[in-house]
Amino acid sequence: MKPVHKCGSTAQARRSQRAWHSLPLGRRLLAEECAQLERALPDLFGYHLLQLGHPAGADLTGASRVRHRMVMESEPGGVGRHYQVGLIGAAQALPVAADSVDVVILPHSLEFEDEPHQVLREAERVLIPEGHLVVLGFNPWSLWGLWRIVLRLRGRPPWRGRFLSTVRLKDWLALLGFDTLGVRYYFFRPPLQSETVMQKLNFLERLGKRYWPHFAGGYLLLAKKRVATLTPIKPRWSAQRLVRAGAAEPTARVGHE
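Under numbering that gives the first Met the number 0, the first residue of the sequence shown is numbered 0, with each subsequent residue one higher.
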């Protein structure tokens, strides 16, 4: 029997996060993440796609070629209209059969869960062998990470979440049997709500991609679930000498009196 997980705090965090995405900074970040997904999803194929949560009701899977797309939320009313199937459940105990999904998308799902490692374990469980995992996350080693340190006591989204570095995430995924295929970094400007200031700082996007690509505010990580392989067992040969084809086997010499 699977353990029962409390999802009240997670649901509240999700509601706050969706409200934040309606603000200018949240909309700008969402647009950038949609652009990143438009580059990544067309190369991922299969029959079923599962997305855990969705910011501001946005359709993050529009560029996917997978026909059957599902989104799961932790409470009723959170499922958007863009999806064929809406699921209600906990990310730490997915109501999905094992080895049944081709692509799983985690849009900032790990940062607002009490047990992010368990969420990854569930993603590994439901993915088919060689299925793909897409993770959108906030980079702690960035201006966004600095803002989080300054503002974390206020409990505001998205700073209330636990930002995971790509180094830690790669380690977790490797232990769960994933190969990391690549990481894309985006949004090099500071997290400011002022549209005027953000427009003036647009040059940081160009400079950041060239000079400090690993210090962006967000990242998209793509990983593939490895296929379980059997370790070959060496045959236990008998002590009897092997004879080449066509060669005579030596026999004991028999003497005659």
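The beta carbon of each residue, even a glycine, is placed where N, CA and C say it ideally should be.
How long is the line joining the alpha carbons of residue i and residue j, rounded to whole angstroms?
i, j, result
"asparagine 201", "proline 128", "41 Å"
"leucine 93", "serine 164", "24 Å"
"alanine 12", "arginine 205", "32 Å"
"arginine 225", "glutamine 50", "20 Å"
"phenylalanine 186", "serine 21", "17 Å"
"threonine 195", "alanine 97", "48 Å"
"alanine 227", "phenylalanine 177", "11 Å"
"threonine 230", "glycine 130", "Bear in mind that a pLDDT of 46 at threonine 230, under 50, signals an unreliable position, so the number given afterwards is only what the model happens to contain. If you take the alpha carbons of threonine 230 and glycine 130, they lie about 22 Å apart."
"isoleucine 104", "aspartate 42", "14 Å"
"glutamate 31", "arginine 14", "21 Å"
"leucine 219", "arginine 68", "19 Å"
"leucine 126", "leucine 221", "14 Å"
"leucine 145", "glycine 154", "15 Å"
"tyrosine 210", "alanine 89", "40 Å"
Just reading off the alpha helix (DSSP H) that residue i is part of, what are its end residues?
i, result
"glutamate 37", "23 to 39"
"arginine 72", "A quick correction: the sequence has glutamate, not arginine, at residue 72. First-last for glutamate 72: 67 to 72, but that is the beta strand (DSSP E), not the alpha helix (DSSP H)."
"aspartate 170", "165 to 174"
Kindly give me the distance between the Cβ atoms of residue i and residue j, rounded to whole angstroms, as I take these residues to be in contact under 8 Å.
i, j, result
"glycine 216", "tryptophan 140", "At roughly 10 Å, the Cβ-Cβ gap does not stay under 8 Å, so glycine 216 and tryptophan 140 are not in contact."
"proline 54", "arginine 17", "6 Å"
"valine 134", "leucine 168", "7 Å"
"glutamate 110", "arginine 161", "5 Å"
"tryptophan 19", "proline 157", "6 Å"
"serine 108", "valine 95", "About 14 Å; that fails the 8 Å criterion."
"leucine 29", "alanine 57", "6 Å"
"proline 75", "glutamine 192", "31 Å between Cβ atoms; not a contact."
Of the choices the options, whose alpha-carbon is the least far from that of residue i?
i, options, result
"leucine 99", "Leu220, Glu31, Gly45 and Arg161", "The amino acid occupying residue 99 in the given sequence is serine; leucine does not appear at that position. Nearest C-alpha to serine 99: Gly45."
"histidine 47", "Asp101, Gly130 and Ala227", "Asp101"
"lysine 223", "Gln198, Leu180 and Pro212", "Leu180"
"arginine 183", "Gly25, Val149 and Leu36", "Leu36"
"histidine 213", "Asn138, Leu150 and Leu203", "Asn138"
"leucine 172", "Thr60, Pro157 and Glu123", "Glu123"
"methionine 71", "Pro106, Gly130 and Arg64", "Pro106"
"serine 73", "Leu24, Gln91 and Arg159", "Gln91"
"glycine 61", "Ser193, Pro75, Ala34 and Leu119", "Ala34"
"arginine 66", "Leu40, Ile87 and Pro23", "Leu40"
Along the chain, where does the beta strand (DSSP E) that runs through residue i open and close?
i, result
"threonine 60", "Threonine 60 -> no beta strand (DSSP E), and no H or E assigned at all."
"valine 149", "Not the beta strand (DSSP E): valine 149 falls in the alpha helix (DSSP H), residues 142 to 150."
"arginine 277", "The question about residue 277 has no answer, for the chain in this structure spans 0 to 256."
"leucine 267", "One cannot answer for residue 267 here, as it falls past the ends of the chain, which runs 0 to 256."
*List in chain order: all unbroken beta strand (DSSP E) runs of 3+ residues lying wholly within the segment 190 to 217.*
For the segment 190 to 217, not a single whole beta strand (DSSP E) run of length 3 or above is found.
*What are the uninterrupted segments assigned as beta strand (DSSP E) that are 3 or more residues long and contained completely in the segment 78 to 131, given in chain order?*
Within the segment 78 to 131, the runs of beta strand (DSSP E) at least 3 residues long that lie entirely inside it are, in chain order, 84 to 87 and 100 to 106.
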